[in-house]
Amino acid sequence: MGNRADQVIGDVLKRIHEAIVDNDVTYDEYQAVKQWLIDVGEAGEWPLFLDVFVESAVEQQVYRDREGSQGTILGPYHLPDAPVLDAPYELPKRDDEQGDRMHFSGRVVDHEGNPLAGAVLDVWHADAKGLYSGFDPSVPEGILRGKVIADDEGRYEVRSIVPAPYTIPHDGPTGKMIAAADWHPWRPAHIHLIVSADGYEALTTQLYIDSSDYLDDDVASAVKDNLVVHLEPKEGEPEVLHFDYDFALAPARTPAVA
Ligand code: MBD
Ligand code: FE
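Each residue of the sequence shown is one higher than the one before, starting from 2 at the first, in the working numbering.
Okay, structure coming up:
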């Protein structure tokens, strides 16, 4: 067995050196990149930068043969300690929360379609301005996040508001890099979930709203066709937008530790 760090780090550095040669990089450019890397750290933007520009490649590689539902990237805005909510499940919101009301429901099953009773759905999403609680100081803590439990037949349902597309902050170094390259900083409107059940591989995924812009050019390259959902007025409650989505979990890769 070779040394993994030697192999991977050596390969990454070799490819950087090749890019320097292929693009005839100048000393000014080298100094600018060095300062930019320092700035990203000082601004606390490494989680943002890495999850937007690198995580999708890791996710696709690691889960290329996964059974069951598709996953996608976790992103930088998950808070693992969100509370388990009480039924009927509705994500915490402000009294004057903006945005259309949303309801989604479905089943959590295994890769053979058997219901996973008591499965946990950890759900979080941005508000109607595209901002996340716990990260943007203008949004109170705990808003639009929480854990929902599936019933004995694996059925779940969640109420919330429809999130807006997300834009990376323009003022920081990540935004400056995007502007310098003439890229755009947007992600389509999405809902994050981690769906888990004992004995199964947790599914980290996102659902994308089909009427949103940027589905075809997500800055984070994390959209997959079968993660796109269509909202329609809910039966008997036409002011609420509804979609159905089922999650199929793959068996855990490694046996649980006794
Ligand atoms: C997000 O909301 C997000 O989901 C990702 C992956 C990156 C930046 C912002
Ligand atoms: Fe997000």
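Heads up, the beta-carbon is just placed ideally off N, CA and C, and yes, glycines get one too.
Residue i Cβ short of 7 Å to the ligand MN heavy atom set
{"i": "residue 83", "result": "Inclusion of the ligand MN in the displayed structure is not the case, the ligand content consisting of the ligand MBD and the ligand FE alone."}
Boundaries of the beta strand (DSSP E) in which residue i is found, first to last residue
{"i": "residue 60", "result": "Residue 60 -> not in any beta strand (DSSP E); alpha helix (DSSP H) instead, spanning 56 to 63."}
{"i": "residue 111", "result": "102 to 111"}
{"i": "residue 248", "result": "248 to 250"}
Reference residue i, options the options, closest by Cα
{"i": "residue 221", "options": "244, 237, 114 and 48", "result": "48"}
{"i": "residue 230", "options": "131, 219 and 242", "result": "242"}
{"i": "residue 85", "options": "105, 123 and 175", "result": "123"}
{"i": "residue 54", "options": "152, 165, 173 and 179", "result": "179"}
{"i": "residue 224", "options": "255, 10, 43 and 75", "result": "75"}
{"i": "residue 60", "options": "226, 110, 173 and 72", "result": "72"}
{"i": "residue 116", "options": "133, 143, 57 and 197", "result": "197"}
{"i": "residue 151", "options": "199, 167 and 143", "result": "199"}
{"i": "residue 228", "options": "29, 63 and 244", "result": "244"}
{"i": "residue 237", "options": "255, 146 and 104", "result": "104"}
Where residue i falls: helix, strand or coil (DSSP)
{"i": "residue 130", "result": "coil"}
{"i": "residue 15", "result": "helix"}
{"i": "residue 160", "result": "strand"}
{"i": "residue 152", "result": "coil"}
{"i": "residue 254", "result": "coil"}
{"i": "residue 7", "result": "helix"}
{"i": "residue 145", "result": "coil"}
{"i": "residue 137", "result": "coil"}
{"i": "residue 166", "result": "coil"}
{"i": "residue 122", "result": "strand"}
Distance between beta carbons of residue j and residue i, contact taken as under 8 Å
{"i": "residue 83", "j": "residue 148", "result": "6 Å"}
{"i": "residue 156", "j": "residue 108", "result": "5 Å"}
{"i": "residue 141", "j": "residue 95", "result": "7 Å"}
{"i": "residue 195", "j": "residue 203", "result": "6 Å"}
{"i": "residue 129", "j": "residue 99", "result": "4 Å"}
{"i": "residue 249", "j": "residue 70", "result": "5 Å"}
{"i": "residue 78", "j": "residue 125", "result": "7 Å"}
{"i": "residue 159", "j": "residue 92", "result": "7 Å"}
{"i": "residue 112", "j": "residue 43", "result": "Contact flag wrong, Cβ pair sits at about 45 Å."}
Endpoints, alpha helix (DSSP H) assigned at residue i
{"i": "residue 177", "result": "174 to 181"}
Please give the ranges of any alpha helix (DSSP H) in the segment 18 to 96, keeping only runs that are unbroken, at least 4 residues long and fully inside the region. 28 to 43, 47 to 54 and 56 to 63
Which full runs of the beta strand (DSSP E) of 3+ residues lie inside the segment 175 to 244, going along the chain? 191 to 197, 204 to 210 and 233 to 235
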